[in-house]
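Data block below; observations after.
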Amino acid sequence: MRLILGYFLLYFGAIFLFLGAFGLIRLPDLYTRMQASTKSTTLGAFASVLGVGILHPDWFVKCLVVALFILLTAPVGSSALMRAAYKTGVPLDERTTVDDAKEFFGEEEKGEAK
Amino acid sequence: MSYYLGSFLLIAIGLYTVIIKKNLIKIVIGLNFIASGVNLLIVSIGYVKNGTAPIFSKIGINPSAMVDPIPQALTLTAIVIDASELALAVAFVVLLYRHYGTLDIKKIRSLKW
Amino acid sequence: MNMSLELLLATPFIGGLLTYIGGKVHRWVRNLIAVLFSLATVGEMAMYYNTTFKGVVWGSLFGSNLVLQTNPITWLFLFIVTAISLLVIVFSIDDMKKEEDEIVLDSYYMQLLFVEGAMVGIVLAGDLITFFMFWEIMSWTSYFLIVHGGKKSMAAGYKYIIMSVIGAYAMFIAIAMLYAKTHSLVYSDVALALSQASPSFIIWTVVLLSVGFFVKAAVMPLHTWLPDAHSEAPSPVSPLLSGVLIKMGAYGLFIVFYGLLSVNLAKNIMPSVFSTPILLYIIQWLAALSIVLATFLAIMQEDAKRLLAYSSVSQIGYVVLGLATGTSLGVAGGLFHALNHAIFKGLLFLAVGAVIYRTGTRNMSELGGLVKKMPFTFTALLLGIIALAGVPPLNGFVSKWMIYEALIQKKEVFLLIMAFVGSTGAFLYVYRLIHSLFLGQLPEKYENVKDVPILMQIPIWILALSTIVYGIFPGLAMDVIVKGMKLFGFTPIAYNLFGFPEGTAMGSLTVINIAAVLMTAFVAVFIIFILFPKTRQVSQYDNYASGQELTPDFKYNYSFGFYMSFGRVIKPILSMSIERVYNYWIDAFKIFGDYYMRRIYTGNLETYNSYIVIVVTIAAAAVLLGGKLW
Amino acid sequence: MIRKIVYSIFLATIVLSLVMFFAAFPFGQNKMSVGEYYLNHGVAQTGASNIVTSVVVDYRGFDTLGEVSVLFGAAAGVAILFFVLGENRRKRREQVAPNFIVRVGSRIIFPFILLFGTYIFIHGHLTPGGGFQGGAIIASGFLLLYLAYPGTTVNRSRLSMVEGLAGITFIVLGLYGLLMPESSFLYNFLPKGELNALLSSGILPIIYIAIGFKVAAEFAGIIDDMMCEVICRGGEK
Amino acid sequence: MEKAGKLNRYIFTVVVLYVSWILLTATTHKDELIAGLIVSLLVAIGSFDYLSEHGLGHFSPKRVMYLIIYAPYYLWQILLANFDVAYRVLAPSMPIKPGIVKVKTGLKTDAGKLALANSITMTPGTLTMDVKDDTLLVHWIYVKDETVEGATKEIGTPFEKYLKEIFG
Amino acid sequence: MVNLANPILLIVIPLLFVFLIAFSSAFSKSAAKYLPIIAFGINVVVAMLLVPEVLKNGLVLSTTAGFKPPIAIDMIVDKLALFLVIIASVLGFVVSIYNVAYIDEEPEEKFYALFTLLITGIIWMIITGDLFNLFVAFEVTSIAAFGLVGFHRDKGSVEAGFKYLVMGAIGGSLLLVGIIMLYAATGTLNIIDVAQKSAELTFQQKFLAYALIFVGLGIEGALFPLNAWLPDAHPAAPSSVSSILSGIMTTAAIYAIIRITNIIFDYNQIYLFLMFFALLTLIFGEIAAYYQKDIKRMLAYSTIGQTGLFFFAFTIHSTNGLQGAFLQIINHSVSKSMLFLVVGAMIVQVGSRNIEDFVGLGRKMKVSSFFLAIGMFSLMGMPPFFGFWSKLKIIFAALQHSNALMIGSVVIILLMSVVEGAYFFKLLQMMFFGKAEQDREIKEASFGMLVPVVILGFILLFISFYPTPVLDFAHQAASDLMNKNYINLALKLGGL
Amino acid sequence: MSILDWIYLAIVSIGAVLAVVRMVKGPDVTNRVVGLDVFTTITVALFVFFAMIFDRYIYIDVALVYGLLAFIGVLVIARFIERGF
Ligand code: NA
Ligand code: NA
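Protein chains in written order, with my numbering: chain U, 1 to 114; chain D, 1001 to 1113; chain E, 2001 to 2630; chain W, 3001 to 3237; chain A, 4001 to 4168; chain C, 5001 to 5496; chain P, 6001 to 6085.
Here it is in structure tokens:
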């Protein structure tokens, strides 16, 4: 049972790790790529590490620490990166419908100038 | 052998960079390539087939199945030294940029002859 | 006895240091110490004069054993060194007063005494290392003396020190080669080693040593430093340089050829020409060329001191020519001429120095007519030029005569002719000198010129008297020379106080007899000169040139370009100036440095990094080629 | 272009010669001589379960002293190069990070990073971690803080004090070994303890803690200088 | 809500760190526990100011309870998000309609806003780029509603009700 | 009671002071100024205490961590190392005094810490008995030097510092590769152990490792063409630092080459290979020095030339040659350090590094100029100064082998000595006999800067007039190295 | 290592390779960094996996350190992308 659950988590993680990377290749612009990669790899790593924890119950606590760490840090990194990308003018895909960011950052620039 | 070759290539790429590239940052990166190559070489030297890390974290680990601990220790030292050099190099680059307004090494030659 | 030699060597050095310290007290203290210590050196020299001593080994204070030795020849040179140094120091006291900076003077006297000490060391040295050490000390201390003379002297001094260093290093190689062979550089050991060495080794060492001595002795083509240095140096230094310092080269040659290498040995290992070993024969030719070319150059000079400087090159040529004959007579003549030249050239430089002291110029075309204003200096200079020209009864005559005689006996006709040409030429330039300075018209601005102060007169007088004493009593010098040469394996030549008795190698030569004949002739000519009508005295403004009235600027210029027409004749010879060759090398060096060296230190980091890679590549290639890169 | 080709050939030569050399010492082959001694005696002699640590801090502790000095030198060098007078340094306080997520995220993670760094260097003798890794992690916490709050200032004289004191501790511990009968620098004079226990292997953990503090202080100093260079001077130019 | 007192926050930090230490070392060995306490006490000195504004207030039962409820919900959302991503990445037609929209939030504390931002990032189709005052900037992979109100309702509201309780 | 005659103290005590400087800077600004003086004062004492020990036993070996080499790192002080350690400590002491008056730029405490670290690293390089530890010491030295070269932070300093750093870093890495190759071949890092265990390797195998070590150390050791950083870095650094860089740092690197060559790679071909570099170094250093307008740059190139000279002496590979090399090292260390200190003081007064501006300085700064002259004379090898004896020994040793190569080398050496004379005399003549166009307000160097100069000057004069003990000691050290006594003694004492 | 482990390794490795592809392709710095970020996350997971395979508990610490440094690295890079030096 433990073995099955462990390997399930491990494989579940592996698949999403793969998917995240695949999205990186397939999706058209940076922003959508990041959408895919952030969610998938985080979950993938999270599940994968927990899987190890379950397969090796002595280590469960430590694995949990690693998994939580990943869960906590990944979104922060991604948002910082995407913001930076937008601010340096990394192009959006042509299918993009709305762009409130211009306004959002525009105000900010003004705010800074004060 | 392949690991050795990898480290040699890293060293060679690094050397190539410091000779051919004109950008200060690239030169610094080249230095880092060389250093990484050397570190990889050191670690590869110490590797013993099927050896494990030389840590007796449990009772009864057989020391004869372990890799050579010396290269690992040396790498540890070398890495810190490389990091130190890197930090200083970056500091120099920043200052050079301030003084010369360029990162092109060809233009930074007020000292010659 | 041991101690005294050390004392003799130490006295000038200690004196030099004390002078410097004394200068901080008062300039008279300094001057007194300088005079007293040089006097003491002369005294010590006199005390042990003409004694033979060998292999005095002095402690290890300087890192290696300081080996000292004496023999009559060394005493001859020590006499020259100490005596002239003393006179120069005395002369300096007034002459150098014009230097305002007392500090400069403190170091000036110190350096004078150091040069003296270094030369004493060279002469007393009993091994080549001691010799070389003092040789180098002499080079740089004398360099400092030369550059005391102002802006131009710096270039001169620079040339001097560089050439000296080159010469010294040539010597150095030879000394090191000898050391590798014998592990002892004491003269006797070296001589022993040379007697068993291969001919090529001997030739190499001897040639290299000679190069060092040639530079110092200013034998052509290594003379180029001398005219500048001797003329630009301060007045009192010139006699020391011309009179004494260049003799160290002659002394060195003597030591090498007759101390380390015996004539017989030389004859055995190399072919002979005119029964002279080829090496010596070549040296003879170099010396003869020096005599002739330097004479021509002296004739062409406008600067009094420069004229004397070239004269020195030519006169030292006689010394070397004599030394290189390899016969008793020639070598004795050479040694004697070394002494004589020291005396009369010292005298001439001091006399010209006296004129410069009063007039402030040494350009001959700006001078003239000083005979009435400086009669004493005139007399001294007259004696000097007579001695130089080799006219009896003054001292230049006997030594030159000995050299001629030696050449005649060896049947070296060409050399003899060249030596004669040199002597004839000497008449031309010495006449020029005395005429331009003392005869003719007196420029207006020198109306109030007086003779020099007594302290400057004394050294001049002493030298002037010496020209007469050694001229009339050559035996005084021959005493030492012959005694010394015996130690070096020469057959002694017979001599007496007045010259050479009949039936000796010299034939018969008694200066008094010759002088009597000449005096008679001179008196006859003088009487004729008095009796016959004289040329009319003309006011100095009362002359014209090409129908134009001369402006005061030009009015004294009749002595400018005195031998111009003669100059045109010899110009092609002079244009082969050795100096051009030197300049060519200097230019080449500059181009090398400026053009090629810049391409190495480019300031380009990539290039620098590539050097590293290239060196590693060379090593790697060597490994790949199986280590057979060399 | 020719230059590039020529140097490529040169480098290829170098690589080839290296390959030739190492052909005699194949990868994975046991080349140990002294290393074997460490593996066999390390635990008994030093009490550290991590033999790398026993090499780093004990057998070759002197290398580590050097390494610490190198880092110290680099920090001092950076401080020299980025030296800014006090007035300029104060300018930095006014800066705010515009990025909310980074700001708040970093703030929350910061204490855990400190804790984790400490964990790493305290367990240096038991795990692959050690003073350097721990110190570097702590310093990276400071880096994070700077990213969040560019106005952050560290008390530089306190940093100097920490790095100085840590260095002094290292050396004084080493010098104490000279007082032992073995009279040897860095002699491990404390009891070795039980294998894999936190309190084991004598002076090793103490040294590693000192190194941890030192490295943290030095990297923090370097980061502080670099940030100051970017921010304080950035305004000037 | 104003900041808690210094001591309060310090103790909170020590507790959090000490728990983390125990998790990290994953042992109850006496030495480790003592060392952990010392380390937590020391580290907290330098860092309590950064960790939290509420201090021990975070341990109020209500907050802990909501947290316990929120955690599985959050994980579930992540799971959904990933299937969503998988769908969009793998579907041949690539059903995307990206856009950047603004989302309003009623959360007041920084921690709360961060939690919201992170939650949005980790959940289906959205990624927070920045937060300012009460506005979140969100990249949406399939824009359903371009207005601020609509977007807020679609993206923010589901999380906000829990987070409001947890971070107040 | 602790035995103070312990080589390890030579490194550890100054290092302790490095950290003390950092520590004290938190409380007091001025303590940092004086701590280096104390540190190197102690070092001089320790070095002196080692003298009788070394003379008695041939060498003193000190292990670390309570284990014998090759298990642990050891420090070995033999006669030769002692020689250099004394020079380094004395220079450290003297130049630290100079710094008190000389350094007036912030951040001072960092300067003092790095300065102390620099000399510590140099001593470390000299006495370590372990190859990797040598690399570490090399890096300690380099990193301190990089920072110090950039100390002024102006355009030139930064450029020089960066170039030096890049070349030094490449050098360090190559050195490390060479060391690692030896480790791969022998499984040990102790120099003597490596020598023993690498005995069965072929020359060809060893050569590449050697070349890498040589290049690495050669960069620091200023060997042509690896020395391009030097003429930039030495002038850019504060003069007191240049004094150490020129005086002992390059020497320490060369010494490391000498020792490693002698112990591990003692092949005739290698000496030939090295001689080639030595002569090129000499030629390019001296000729380039001749053209310099910047006085410190001139001295820096002169350092290259001098390095070439003593390195050549080493490649003669005979006791006499080594003796000459060691004598020349002493001569160069003392003289060149003194020159840099004097020149530093002069630059402070003149406000320029251009040689033209030094005209007439001989009259204004009499004491400084006097010692400048003495130093230059000794470097030129003019008797009666010490340099004469070293040059003499080198030439004599070279001509002991009367083959064309040696004779040619001697000719080159002497020609380059002429060039050296040419530029030194040019400067001296200008200083002493030239006259400045306008009168300048120039005073003698301050007392604090004069004292170190005078100390070094008197050391130079003393060994000039009483060189016998130094000559003898150098001879013993040389014969120890040639006879490999070093190895035997270390084996006996170290229990390898 | 069982066959299951090998398959896991294969899947994850392909993911890592794809991430590297993005790193190499770019086309801009940000894209590369995203590739790097994915790559590091995968590596962290792999570290933990290897800890299990080789039965070395301590590798997990390595994973943690690696993850931490990668995180800070991304933040630093993001900052520099955004604001330059
Ligand atoms: Na460790
Ligand atoms: Na390096």
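Glycine included, each C-beta is placed from N, C-alpha and C at the ideal position. Because the structure is a prediction, the values reported are computed rather than measured.
Listed along chain C is no residue with a C-beta nearer than 7 Å to that of valine 1043 of chain D; the closest approach is about 10 Å. When Cβ pairs closer than 8 Å are counted between the two stretches, the stretch 4084-4103 of chain A is seen not to touch the stretch 4049-4065 of chain A, the count staying below three. Annotated as distal: tyrosine 4050 of chain A and arginine 3103 of chain W, with beta-carbon spacing of 8 Å or more.
Residue pairing of serine 2272 of chain E in beta bridges, as defined by DSSP: E:Pro2277. Counting only runs of 4 or more residues that sit fully inside the stretch 1001-1079 of chain D, the alpha helix (DSSP H) segments are 1002-1020, 1024-1046, in chain order. Contiguous alpha helix (DSSP H) elements confined to the stretch 2290-2355 of chain E occur at 2304-2325, taking only those with 4 or more residues.
Using a CB distance cut-off of 8 Å, leucine 50 of chain U does not count as an interface residue toward chain A.
For glutamate 4146 of chain A, the residues of chain U that pass the 7 Å Cβ criterion are Thr97, Val98, in the order they occur in the chain.
DSSP links methionine 5075 of chain C through a beta bridge to C:Ser5062, C:Thr5128. At a cut-off of 4 residues, not a single continuous stretch assigned as alpha helix (DSSP H) sits fully inside the stretch 5303-5334 of chain C. For methionine 2270 of chain E against isoleucine 2203 of chain E, the beta-carbon gap comes to about 7 Å, under 8 Å, which counts as contact.
For a Cβ distance threshold of 8 Å, residue set Ala1053, Ile1055 of chain D lies close to proline 3128 of chain W, ordered along the chain.
In this structure, valine 5095 of chain C sits near isoleucine 5244 of chain C, with a CB-CB distance shorter than 8 Å.
DSSP places leucine 5399 of chain C in the helix class (H, G or I) of the three-state scheme. Ranking C:Ala5422, C:Gly5092, C:Ala5478 by CA distance to the CA of tryptophan 2140 of chain E puts C:Ala5422 first. Our two residues, isoleucine 3138 of chain W and valine 3070 of chain W, have alpha carbons roughly 19 Å apart in a direct line. Contact annotation for lysine 5155 of chain C against chain D: His1099, Tyr1100, Ser1110 [CB-CB distance below 8 Å, chain order]. Using beta-carbon distances, glycine 2626 of chain E counts as an interface residue toward chain C, with a partner under 8 Å. 8 Å or more divides the Cβ of alanine 2174 of chain E from the Cβ of glutamate 2136 of chain E.
One thing to note: isoleucine 2468 of chain E has its Cβ no nearer than 8 Å to the Cβ of leucine 2381 of chain E. In the DSSP assignment, leucine 4136 of chain A forms a beta bridge with A:Val4103, A:Val4131. The stretch 5299-5319 of chain C makes no contact with the stretch 5446-5460 of chain C, as fewer than three CB pairs between them are under 8 Å.
Taking 7 Å as the Cβ-Cβ cut-off, the stretch 1066-1089 of chain D approaches chain C at Leu1074, Thr1077, Ala1078, Ile1081, Ser1084, Glu1085, Leu1088, Ala1089, given in chain order. Against chain P, the CB of threonine 32 of chain U has no partner CB under 8 Å away; the residue lies outside that interface.
Straight-line spacing of the CA atoms in leucine 2185 of chain E and alanine 2193 of chain E works out to 10 Å. Excluding residues up to 5 positions away in sequence, Phe3142, Ala3220, Gly3221, Asp3224 lie with their Cβ nearer than 8 Å to the Cβ of valine 3154 of chain W in the same chain. The stretch 1100-1113 of chain D and the stretch 2083-2099 of chain E do not touch, with fewer than 3 CB-CB distances between them shorter than 8 Å. Membership of threonine 2070 of chain E in any alpha helix (DSSP H) is not indicated; the residue belongs instead to the beta strand (DSSP E) covering 2066-2070. Per DSSP, reduced to three states, the secondary structure at asparagine 5099 of chain C is helical. Looking at the DSSP output, alanine 2125 of chain E bridges to E:Leu2068. For isoleucine 1019 of chain D, the chain W residues whose Cβ falls inside 7 Å of its Cβ are Tyr3007, in order along the chain.
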